[in-house]
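Written below as structure tokens is the structure these notes are about.
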Amino acid sequence: MSNPILVAKNSTQEIFLLPQMANRHGLITGATGTGKTVSLQTLAESFSSMGVPVFLSDIKGDLSGLAKTGGGNAKVDARVELLKL
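Everything in the sequence shown is counted per the numbering used here, starting at -10 for the first residue and increasing by one.
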């Protein structure tokens, strides 16, 4: 079992997400400056460190320094070779 992921806190309380209770898909919404990008980075980095594949769609480019090129997946490598990409 993976460690809980801290997703929110204030001066009196911390809220954690239990990884085994997470869904395959997620949507983070909110007003400007409310912590959406930081929340997404926290979740993505935590799930990735657990070995969970993570895909992020970033329209504005706020996460441009977060990702690295994927690799090491035999199915993906075979598909890339098949399509001559």
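Backbone N, C-alpha and C fix where the C-beta goes; we use that ideal spot for every residue, glycine too.
Short Cβ contact (9 Å threshold) for residue i with residue j
i, j, result
"F36", "A11", "yes"
"L16", "A33", "no"
"A45", "L29", "Position check: residue 45 holds Leu in this sequence, whereas Ala was assumed. Their beta carbons are under 9 Å apart, which means L45 touches L29 by this criterion."
Bridge-paired residues (DSSP) for residue i
i, result
"K(-2)", "E3"
Euclidean distance between Cα positions of residue i and residue j
i, j, result
"G24", "K73", "40 Å"
"G92", "R13", "Outside the modelled stretch of the chain, which goes from -10 to 74, sits residue 92, for which no answer is possible."
"R3", "A67", "Strictly speaking, residue 3 in this sequence is Glu, with Arg absent from that position. If you take the alpha carbons of E3 and A67, they lie about 44 Å apart."
"G19", "T26", "10 Å"
"V65", "G50", "25 Å"
7 Å Cβ shell around residue i - same chain, five flanking residues per side excluded
i, result
"L5", "In the sequence on display, residue 5 carries Phe and not Leu. The residues are P(-7), I(-6), L(-5), V(-4)."
"V41", "none"
Nonlocal neighbours in the same chain, by C-beta distance under 6 Å from residue i, ignoring five residues either side
i, result
"V43", "A33, F36, S37"
Same chain, Cβ closer than 8 Å to residue i, neighbours up to 5 away in sequence not counted
i, result
"D47", "S53"
Inset, instruction - Just list the alpha helix (DSSP H) runs in the region 11 to 70, keeping only unbroken ones of 4 residues or longer that don't cross its boundaries, in chain order. - result: Fully enclosed alpha helix (DSSP H) runs of 4 or longer: 25 to 38.
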